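Protein chains in written order, with our numbering: chain Y, 1 to 252; chain X, 253 to 504.
The beta carbon of each residue, even a glycine, is placed where N, CA and C say it ideally should be.
Values in this document were obtained by computation on a predicted structure and should not be read as measured data.
Please read the structure below before turning to the comments.
There are 2 protein chains.
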Amino acid sequence: MAGRHGQGDAAGDQGRSGAKAPGLDFPRPLTTVDIVIFTIRQEALQVLLVRRGSGPGDPFPGTFALPGGFVDIARDRDLEACARRKLAEKTGVVSPYLEQLGSWGSADRDPRGWSATHAYFALIPGSAVEAALAADVQWFPLEGTGVTPKLAFDHAEILQAAVQRLRNKVEYTSLPAYLMPKEFTLPELQRTYEIVLDRALEKSAFRTRMLSADLIEPIAKMRKGPNRPAQLYRLKKTAAPVYFARTFNAPE
Amino acid sequence: MAGRHGQGDAAGDQGRSGAKAPGLDFPRPLTTVDIVIFTIRQEALQVLLVRRGSGPGDPFPGTFALPGGFVDIARDRDLEACARRKLAEKTGVVSPYLEQLGSWGSADRDPRGWSATHAYFALIPGSAVEAALAADVQWFPLEGTGVTPKLAFDHAEILQAAVQRLRNKVEYTSLPAYLMPKEFTLPELQRTYEIVLDRALEKSAFRTRMLSADLIEPIAKMRKGPNRPAQLYRLKKTAAPVYFARTFNAPE
DNA sequence: CAAACTTAGTTGTACTGTCCAACTTACTTA
DNA sequence: TAAGTAAGTTGGACAGTACAACTAAGTTTG
Numbered sequence: 001m002a003g004r005h006g007q008g009d010a011a012g013d014q015g016r017s018g019a020k021a022p023g024l025d026f027p028r029p030l031t032t033v034d035i036v037i038f039t040i041r042q043e044a045l046q047v048l049l050v051r052r053g054s055g056p057g058d059p060f061p062g063t064f065a066l067p068g069g070f071v072d073i074a075r076d077r078d079l080e081a082c083a084r085r086k087l088a089e090k091t092g093v094v095s096p097y098l099e100q101l102g103s104w105g106s107a108d109r110d111p112r113g114w115s116a117t118h119a120y121f122a123l124i125p126g127s128a129v130e131a132a133l134a135a136d137v138q139w140f141p142l143e144g145t146g147v148t149p150k151l152a153f154d155h156a157e158i159l160q161a162a163v164q165r166l167r168n169k170v171e172y173t174s175l176p177a178y179l180m181p182k183e184f185t186l187p188e189l190q191r192t193y194e195i196v197l198d199r200a201l202e203k204s205a206f207r208t209r210m211l212s213a214d215l216i217e218p219i220a221k222m223r224k225g226p227n228r229p230a231q232l233y234r235l236k237k238t239a240a241p242v243y244f245a246r247t248f249n250a251p252e
Numbered sequence: 253m254a255g256r257h258g259q260g261d262a263a264g265d266q267g268r269s270g271a272k273a274p275g276l277d278f279p280r281p282l283t284t285v286d287i288v289i290f291t292i293r294q295e296a297l298q299v300l301l302v303r304r305g306s307g308p309g310d311p312f313p314g315t316f317a318l319p320g321g322f323v324d325i326a327r328d329r330d331l332e333a334c335a336r337r338k339l340a341e342k343t344g345v346v347s348p349y350l351e352q353l354g355s356w357g358s359a360d361r362d363p364r365g366w367s368a369t370h371a372y373f374a375l376i377p378g379s380a381v382e383a384a385l386a387a388d389v390q391w392f393p394l395e396g397t398g399v400t401p402k403l404a405f406d407h408a409e410i411l412q413a414a415v416q417r418l419r420n421k422v423e424y425t426s427l428p429a430y431l432m433p434k435e436f437t438l439p440e441l442q443r444t445y446e447i448v449l450d451r452a453l454e455k456s457a458f459r460t461r462m463l464s465a466d467l468i469e470p471i472a473k474m475r476k477g478p479n480r481p482a483q484l485y486r487l488k489k490t491a492a493p494v495y496f497a498r499t500f501n502a503p504e
């Protein structure tokens, strides 16, 4: 690369140019998008993983990885559209919650060369998923922090970052609401919080907080069970996640 | 693209391959890194911007942009190293705080083609900066939410996201401590919080919170002025940002 | 059909930390 | 010495969680 303050170099190289093809004199990294898809199944937080193919040249054949793949610049208008496409392909679901997680790029994360992945994380209800799953994907429960299979690339690191981000945000947001089916009771919502946080919460404080937030509304139905029936709620149309002013417990 | 469940397609296209050059049959997006560098100067939050060159083929010639540029796969081991390099080139400073902000990628954000940028944001003390600035860069105060110059690419959007993230985190973290010089008083720290948040804070609550956090320690010196001298503090060696269990005010 | 059991939901007291305002302290300047 | 100003403290009101005991409403069991 030329000198630091050369004129074609202004704006930090983005303006750098050969005579004709500006920027193209830099070899381009491989660019992918990966998604960490969470759900609640069997009273546990679970992630969707894909078994990798074993064609010639495929790295990490036969191992599991996060769903994702190369950005297709012909089809994907932007990164988020690419993420939504891959999500739909694997689950058949339009995610009620999709957030960018971060990006990971380095010379050695992919044996095929310098590559960068844009990671997203999605929350989907456990209920509507079972049906439309693609053939090569599978749910895995997250016990504690480790997952059962070893993951391809640096996906273990990405997954861990996603879990950490999720746990962190669950402390002070309404994100778990996106893991619930259309209708749910307050104890069910609390159980979802507890599963994600892996920690028991106070019933009365939980109810006070949820009911005073502009988040859910009761419907004219009860959940019948072997015991006292519970009031059913649904998410209000205001889909925006709620941020609470405190965490449930002082962290630490 | 081939069928959804084809075998070379497993693991979401990352395993897709021609006979020899897997992944290379996808045209690659341009890949850049941009940094939003904040400091406090003249009682205001300011951002560092770069004037773009006007060589042939340079997009947005003469306008201002965030410092950044193409990833150099020969020099940059990973994205963060690339960000640190660009930061050092423009400011001569090793940032006390650097965080990934997110990534922006689309077909039309750069006239040269499908491009994706990995954005970082950095906090540096106002003091030590003035000296080593590169020639083509300049500080701009953020008044309210709009910046003075129109920015190249989608950098206005990225900058806005950075400000939002910073303001958000300042509500419940110790991030402003990274904007302070080595030694500072509690009222000075509070003023920094207030500048970033653009809102007055309660003195006693602020002091209680800062002093009970494991964040700063008093040194055997006072800041002398026209009035009562103030105790000087410094950051503890534990560089990790502190997360508080509450925000200062209930948002809204 | 009443008693035992289980989960839903409420109530009340203690405690923690912010909010608000008044106060004391320490220094400079008139 | 008095006035002024910013640093730092103190105390009461208030909000929301922590903890624990309570009531409510259904099912199952004897």
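Beta strand (DSSP E) containing residue i: first to last residue?
i               : result
V302 of chain X : A296 to R303
M222 of chain Y : I216 to R223
G102 of chain Y : Y97 to S106
W139 of chain Y : V137 to P141
Please state the DSSP three-state secondary structure of residue i.
i               : result
S54 of chain Y  : coil
S169 of chain Y : Note that residue 169 of chain Y corresponds to Lys in the displayed sequence, not to Ser. Helix.
A122 of chain Y : strand
R337 of chain X : helix
L487 of chain X : strand
R209 of chain Y : helix
V285 of chain X : strand
L133 of chain Y : coil
A161 of chain Y : helix
S426 of chain X : coil
T343 of chain X : helix
A21 of chain Y  : Because the pLDDT of A21 of chain Y is 40, which lies under 50, any placement of that residue in the model is unreliable, and the number read from its coordinates should be weighed accordingly. Note: A21 of chain Y maps to coil in three-state DSSP.
A152 of chain Y : coil
Going along chain Y, which residues have a C-beta under 8 Å from residue i?
i               : result
R443 of chain X : Those within 8 Å of R443 of chain X in chain Y number zero; the least Cβ separation is about 23 Å.
With a 10 Å radius around its C-beta and 16 neighbouring C-beta atoms as the bar for buried, classify residue i as buried or exposed.
i               : result
R28 of chain Y  : buried
R228 of chain Y : exposed
L166 of chain Y : buried
S204 of chain Y : exposed
K342 of chain X : buried
M222 of chain Y : exposed
K150 of chain Y : exposed
V285 of chain X : buried
K338 of chain X : buried
Q164 of chain Y : exposed
V346 of chain X : exposed
D108 of chain Y : exposed
T208 of chain Y : exposed
E423 of chain X : buried
I292 of chain X : buried
G225 of chain Y : exposed
G314 of chain X : exposed
Q231 of chain Y : exposed
G344 of chain X : exposed
S464 of chain X : exposed
Cβ closer than 8 Å: which chain X residues qualify as neighbours of residue i?
i               : result
Q100 of chain Y : G354 and S355
D198 of chain Y : In chain order: nothing, as chain X lies at least about 18 Å away.
Alpha helix (DSSP H) containing residue i: first to last residue?
i               : result
Y193 of chain Y : L186 to L197
F322 of chain X : Run containing F322 of chain X: none in the alpha helix (DSSP H); it sits in the beta strand (DSSP E), G320 to F322.
Can you name the residues of chain Y whose CB is closer than 7 Å to the CB of residue i?
i               : result
I325 of chain X : P27, P29, A107 and W114
R329 of chain X : S106 and A107
F458 of chain X : Neighbours of F458 of chain X on chain Y: none; closest Cβ ~16 Å, over 7 Å.
What does residue i touch in chain X if you count any residue whose Cβ is under 7 Å from its own?
i               : result
R165 of chain Y : The premise fails here: R165 of chain Y is roughly 12 Å from chain X at the closest Cβ pair, so nothing lies under 7 Å.
Taking Cβ-Cβ distances shorter than 9 Å, what residues in chain Y pair up with residue i?
i               : result
D406 of chain X : What D406 of chain X touches in chain Y: nothing, since even the nearest Cβ is about 10 Å away.
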